[in-house]
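In this note's numbering, the protein residues as written are 241 to 414.
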(Lines of atoms letter the chains of each structure in order from A and count residues from 1; the text may use other names and numbers.)
(Lines give C-alpha, C1' and ligand atoms only; values in the text may rest on other atoms or scores of the structure.)
Protein backbone atom coordinates (compact mmCIF):
# COMPACT_ATOMS: atom_id res chain seq x y z
CA UNK A 1 0.00 0.00 0.00
CA UNK A 2 2.80 2.44 0.84
CA UNK A 3 4.79 1.32 -2.17
CA UNK A 4 2.55 3.26 -4.56
CA UNK A 5 2.98 6.57 -2.66
CA UNK A 6 5.69 9.09 -3.33
CA UNK A 7 7.93 10.50 -0.64
CA UNK A 8 6.02 13.76 -0.77
CA UNK A 9 2.69 12.00 -0.15
CA UNK A 10 4.24 9.91 2.62
CA UNK A 11 5.58 13.10 4.24
CA UNK A 12 2.16 14.81 4.02
CA UNK A 13 0.47 11.70 5.46
CA UNK A 14 3.04 11.54 8.25
CA UNK A 15 2.49 15.23 9.06
CA UNK A 16 -1.32 14.74 9.10
CA UNK A 17 -0.97 11.73 11.42
CA UNK A 18 1.46 13.67 13.66
CA UNK A 19 -0.98 16.61 13.87
CA UNK A 20 -3.87 14.24 14.69
CA UNK A 21 -1.77 12.50 17.35
CA UNK A 22 -0.73 15.88 18.78
CA UNK A 23 -4.36 17.06 18.96
CA UNK A 24 -5.46 13.78 20.58
CA UNK A 25 -2.56 13.87 23.06
CA UNK A 26 -3.25 17.53 23.79
CA UNK A 27 -6.92 16.84 24.45
CA UNK A 28 -6.25 13.77 26.58
CA UNK A 29 -3.14 14.51 28.63
CA UNK A 30 -1.38 17.81 27.90
CA UNK A 31 -4.50 19.89 28.47
CA UNK A 32 -5.25 18.11 31.76
CA UNK A 33 -1.63 18.48 32.85
CA UNK A 34 -1.63 22.19 31.99
CA UNK A 35 -4.88 22.71 33.93
CA UNK A 36 -3.46 20.86 36.94
CA UNK A 37 -0.28 22.95 36.73
CA UNK A 38 -2.32 26.20 36.60
CA UNK A 39 -4.45 25.02 39.52
CA UNK A 40 -1.33 24.20 41.57
CA UNK A 41 0.09 27.65 40.78
CA UNK A 42 -3.16 29.34 41.88
CA UNK A 43 -3.21 27.32 45.11
CA UNK A 44 0.42 28.21 45.81
CA UNK A 45 -0.40 31.89 45.29
CA UNK A 46 -3.37 31.62 47.66
CA UNK A 47 -1.23 29.82 50.23
CA UNK A 48 1.45 32.51 49.96
CA UNK A 49 -1.24 35.18 50.39
CA UNK A 50 -2.65 33.44 53.47
CA UNK A 51 0.82 33.03 54.98
CA UNK A 52 1.70 36.67 54.33
CA UNK A 53 -1.62 37.85 55.75
CA UNK A 54 -1.03 35.74 58.87
CA UNK A 55 2.38 37.38 59.17
CA UNK A 56 0.72 40.76 58.65
CA UNK A 57 -1.79 40.01 61.42
CA UNK A 58 0.93 39.02 63.88
CA UNK A 59 2.99 42.04 62.85
CA UNK A 60 -0.05 44.29 63.31
CA UNK A 61 -0.70 42.80 66.74
CA UNK A 62 2.93 43.40 67.70
CA UNK A 63 2.66 47.01 66.50
CA UNK A 64 -0.57 47.45 68.48
CA UNK A 65 1.15 46.18 71.64
CA UNK A 66 4.05 48.56 70.96
CA UNK A 67 1.70 51.54 70.52
CA UNK A 68 -0.26 50.55 73.63
CA UNK A 69 3.01 50.57 75.52
CA UNK A 70 3.88 54.01 74.17
CA UNK A 71 0.53 55.76 74.62
CA UNK A 72 -1.10 53.61 77.28
CA UNK A 73 -4.01 51.21 77.05
CA UNK A 74 -7.11 52.36 75.19
CA UNK A 75 -10.72 52.17 76.31
CA UNK A 76 -10.10 52.36 80.06
CA UNK A 77 -11.79 55.00 82.20
CA UNK A 78 -9.43 57.62 83.70
CA UNK A 79 -10.61 56.82 87.23
CA UNK A 80 -9.79 53.15 86.70
CA UNK A 81 -6.28 54.06 85.53
CA UNK A 82 -5.78 56.16 88.66
CA UNK A 83 -7.00 53.26 90.79
CA UNK A 84 -4.58 50.90 89.00
CA UNK A 85 -1.74 53.34 89.76
CA UNK A 86 -2.65 53.31 93.46
CA UNK A 87 -3.02 49.52 93.51
CA UNK A 88 0.38 49.11 91.87
CA UNK A 89 1.97 51.56 94.33
CA UNK A 90 0.45 49.90 97.39
CA UNK A 91 2.19 46.62 96.57
CA UNK A 92 5.61 48.16 97.42
CA UNK A 93 7.00 48.59 100.92
CA UNK A 94 8.99 51.62 102.11
CA UNK A 95 7.20 53.87 99.63
CA UNK A 96 4.42 56.18 100.72
CA UNK A 97 1.94 58.12 98.62
CA UNK A 98 2.59 61.77 99.46
CA UNK A 99 0.18 63.30 96.96
CA UNK A 100 -2.14 62.19 94.17
CA UNK A 101 -3.44 65.07 92.07
CA UNK A 102 -6.78 65.08 90.31
CA UNK A 103 -7.02 63.65 86.83
CA UNK A 104 -6.22 66.29 84.23
CA UNK A 105 -7.80 65.95 80.78
CA UNK A 106 -6.61 68.14 77.91
CA UNK A 107 -7.43 68.09 74.21
CA UNK A 108 -4.67 68.14 71.61
CA UNK A 109 -4.69 67.34 67.87
CA UNK A 110 -7.87 65.28 67.99
CA UNK A 111 -6.82 63.34 71.08
CA UNK A 112 -7.74 63.58 74.74
CA UNK A 113 -4.58 63.62 76.84
CA UNK A 114 -5.33 62.13 80.26
CA UNK A 115 -2.68 62.94 82.89
CA UNK A 116 -2.24 61.54 86.39
CA UNK A 117 0.31 63.01 88.77
CA UNK A 118 1.61 60.94 91.67
CA UNK A 119 4.12 62.03 94.32
CA UNK A 120 5.80 59.28 96.34
CA UNK A 121 8.02 59.53 99.40
CA UNK A 122 10.66 57.10 100.61
CA UNK A 123 14.32 56.22 100.46
CA UNK A 124 16.24 56.42 97.20
CA UNK A 125 16.48 52.68 96.49
CA UNK A 126 12.79 52.07 97.13
CA UNK A 127 11.76 55.03 94.94
CA UNK A 128 14.10 53.93 92.18
CA UNK A 129 12.75 50.40 92.39
CA UNK A 130 9.12 51.49 92.06
CA UNK A 131 9.90 53.88 89.19
CA UNK A 132 11.68 51.06 87.39
CA UNK A 133 8.74 48.73 88.07
CA UNK A 134 6.30 51.32 86.71
CA UNK A 135 8.39 51.58 83.54
CA UNK A 136 8.68 47.83 83.03
CA UNK A 137 5.47 46.31 84.36
CA UNK A 138 2.71 48.92 84.44
CA UNK A 139 0.63 48.48 81.29
CA UNK A 140 -2.25 50.88 81.88
CA UNK A 141 -0.45 54.18 81.37
CA UNK A 142 2.84 55.59 80.18
CA UNK A 143 5.31 57.59 82.28
CA UNK A 144 6.17 60.91 80.64
CA UNK A 145 8.01 62.66 83.47
CA UNK A 146 9.94 61.71 86.58
CA UNK A 147 11.51 64.23 88.93
CA UNK A 148 13.24 63.61 92.24
CA UNK A 149 13.18 66.33 94.87
CA UNK A 150 14.73 66.59 98.31
CA UNK A 151 12.83 68.70 100.83
CA UNK A 152 13.82 69.53 104.37
CA UNK A 153 11.15 69.25 107.04
CA UNK A 154 11.75 72.00 109.54
CA UNK A 155 9.78 70.37 112.34
CA UNK A 156 11.79 67.15 112.37
CA UNK A 157 14.94 68.60 110.74
CA UNK A 158 15.14 65.63 108.37
CA UNK A 159 15.41 65.50 104.61
CA UNK A 160 12.60 63.82 102.69
CA UNK A 161 13.17 62.38 99.25
CA UNK A 162 10.20 62.54 96.91
CA UNK A 163 9.59 61.54 93.33
CA UNK A 164 6.90 63.10 91.17
CA UNK A 165 5.70 60.79 88.39
CA UNK A 166 3.42 62.01 85.61
CA UNK A 167 1.46 59.37 83.70
CA UNK A 168 -0.32 60.03 80.42
CA UNK A 169 -2.81 58.21 78.24
CA UNK A 170 -4.08 59.26 74.85
CA UNK A 171 -7.61 58.62 73.66
CA UNK A 172 -9.03 59.53 70.28
CA UNK A 173 -11.78 62.15 70.46
CA UNK A 174 -15.16 60.69 69.65
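Every residue gets a Cβ at the ideal spot worked out from N, C-alpha and C, and that includes glycine.
Can you give me the C-alpha to C-alpha distance between residue i and residue j, rounded to a whole angstrom?
i	j	result
residue 368	residue 305	25 Å
residue 379	residue 364	24 Å
residue 349	residue 279	51 Å
residue 271	residue 256	20 Å
residue 281	residue 301	30 Å
residue 285	residue 273	18 Å
residue 248	residue 277	39 Å
residue 326	residue 358	9 Å
residue 341	residue 297	40 Å
residue 265	residue 295	43 Å
residue 244	residue 258	21 Å
residue 293	residue 269	36 Å
Is the beta carbon of residue i less than 8 Å from the beta carbon of residue j?
i	j	result
residue 343	residue 356	yes
residue 381	residue 407	yes
residue 374	residue 383	yes
residue 347	residue 400	no
residue 405	residue 371	yes
residue 351	residue 413	yes
residue 402	residue 338	yes
Applying the criterion that 16 or more other CB atoms from any shown protein chain within 10 Å of the CB defines a buried residue, is residue i buried or exposed?
i	result
residue 253	exposed
residue 345	exposed
residue 275	exposed
residue 322	buried
With distances taken Cα to Cα, identify the nearest neighbour of residue i among the options.
i	options	result
residue 409	303, 318, 296 and 294	318
residue 411	336, 315 and 391	315
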